[in-house]
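Report on one structure; see the data block that follows.
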Amino acid sequence: MESIDALSEKLSDYLDSGQIEQVNKAFEFASEAHSGQFRTSGDPYVSHPIAVANILSSYHMDEDSLSAAMLHDVIEDCGVPKSVIEKEFNKNVANLVDGVSKLDQLKISSKTEAHAENFQKMILAMAKDIR
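For the sequence shown, position 60 matches number 158 in my numbering, and the numbering has no gaps at all.
Okay, structure coming up:
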């Protein structure tokens, strides 16, 4: 399982400390929202958002995109309202998270397809917010 510390170190190659702080805040928010939830592997659920953010960091995505990666399941899986995400972060992050949640109605038939589909959903959600 990847750690938030390892991700933060990777992000320091291209983001400033304030931007990394926002991503870390999103991690803390997601950790609390997903508290008590586990992956089928037995890992804490929050290991998944860290993995998604790590993938996006390899494309040097900005702090809003990385924060949305951390938060992408909190609306659908945890019942966190979009308005709370907007208040805690900003409108861009809230719109990205909401966009991914709305696109989550597609049927997935394999693990590889699921990973590709999640990446595609993130890209589609960002289409309204070209960076």
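From the three backbone atoms N, C-alpha and C, an ideal C-beta is built for every residue, glycine too.
From residue i to residue j, what does the alpha carbon distance come to, in whole angstroms?
i      : j      : result
Ala149 : Asn193 : 21 Å
Asp162 : Gly197 : 13 Å
Val178 : Val195 : 11 Å
Ser139 : Ser181 : 32 Å
Gln135 : Ala104 : 22 Å
Phe217 : Glu184 : 22 Å
Ile173 : Met220 : 14 Å
Glu215 : Gly116 : 30 Å
Leu222 : Asp111 : 26 Å
Met224 : Glu100 : 24 Å
Ser199 : Asp160 : 20 Å
So the candidates are the options; which of them puts its Cα closest to the Cα of residue i?
i      : options                        : result
Asn152 : Gln120, Ala167, Asp114, Glu130 : Ala167
Glu186 : Leu109, Glu100, Met220, Glu126 : Glu126
Lys189 : Asp175, Cys176, Ser165         : Ser165
Gln120 : Lys180, Val191, Gly140, Lys219 : Val191
His158 : Lys180, Glu174, Asp114, Ser139 : Asp114
Below 8 Å on the Cβ atoms is my contact criterion, and I expect residue i with residue j to pass it. Report the Cβ-Cβ distance as a whole number of Å.
i      : j      : result
Leu154 : Ala124 : With 8 Å as the limit, Leu154 and Ala124 do not qualify as a contact, their Cβ atoms being about 12 Å apart.
Arg137 : Ser129 : Arg137 to Ser129, Cβ: 14 Å. No contact.
Asp171 : Pro142 : Contact flag wrong, Cβ pair sits at about 13 Å.
Cys176 : His213 : Actually they are not in contact, since the Cβ atoms of Cys176 and His213 sit about 21 Å apart, beyond 8 Å.
Note down, in chain order, each residue of its chain lying with its Cβ closer than 6 Å to the Cβ of residue i, except the 5 sequence neighbours on either side.
i      : result
Lys108 : Ser155
Ile118 : Ser106, Leu109
For residue i, which residues from the same chain have a beta carbon less than 8 Å from its beta carbon, with the 5 sequence-adjacent residues on both sides left out?
i      : result
Asn122 : Ile102, Ser106
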